[in-house]
Amino acid sequence: PRQGLLMIGTDGIWETQNEAGHSFGKEGLMNVVRATAHLPAAEICNFVAERLREFRGSVPQRDDVTLVVVKFV
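Plus 7 on top of the position in the sequence shown (first one is 1) and you've got the numbering used here.
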């Protein structure tokens with residue numbers, strides 16, 4: 008689709024947990040992507056990674072996190 012965005016990610020993104028035991032969730036991921044959809048694909052990925060680190064706090068990342076973003080222009 009013209010000016011569309013394709014996002015492929017692993018479950019390590021939405022299953023990331025914070026210190027309270029809450030998961031980042033698919034909705035958390037979608038909120039970040041919606042807020043950054045105007046940015047280049049690489050910046051969206053970086054922003055998601057940053058938000059995950061902030062959300063996780065001191066909890067170690069237990070699963071792999073892979074995210075691919077493709078923007079159609």
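We put the beta carbon where it would ideally sit given N, CA and C, even for glycine.
Being a predicted model, the structure only gives us computed values, none of them experimental.
Since residue i is in the alpha helix (DSSP H), which residue starts that stretch and which ends it?
{"i": "Gly35", "result": "Gly32 to Thr43"}
Using only the alpha-carbon positions, how far apart do residue i and residue j sit?
{"i": "Gly19", "j": "Arg69", "result": "8 Å"}
{"i": "Leu12", "j": "Arg60", "result": "23 Å"}
{"i": "Trp21", "j": "Leu74", "result": "11 Å"}
{"i": "Asn38", "j": "Glu50", "result": "15 Å"}
{"i": "Ala48", "j": "Val55", "result": "11 Å"}
For residue i, report the span of its beta strand (DSSP E) as first-last.
{"i": "Val77", "result": "Leu74 to Lys78"}
{"i": "Leu13", "result": "Leu12 to Gly16"}
Mark residue i as exposed unless 16 or more other C-beta atoms lie within 10 angstroms of its C-beta, in which case mark it buried.
{"i": "Arg9", "result": "exposed"}
{"i": "Arg41", "result": "exposed"}
Ordered along the chain, which non-local residues of its own chain (more than five positions away) have a Cβ less than 8 Å from that of residue i?
{"i": "Phe62", "result": "Thr23, Asn25, Phe31 and Gly35"}
Can you find the residues in the same chain that come closer than 6 Å, C-beta to C-beta, to residue i, ignoring five residues on each side of it along the sequence?
{"i": "Val72", "result": "Gly19 and Ile20"}
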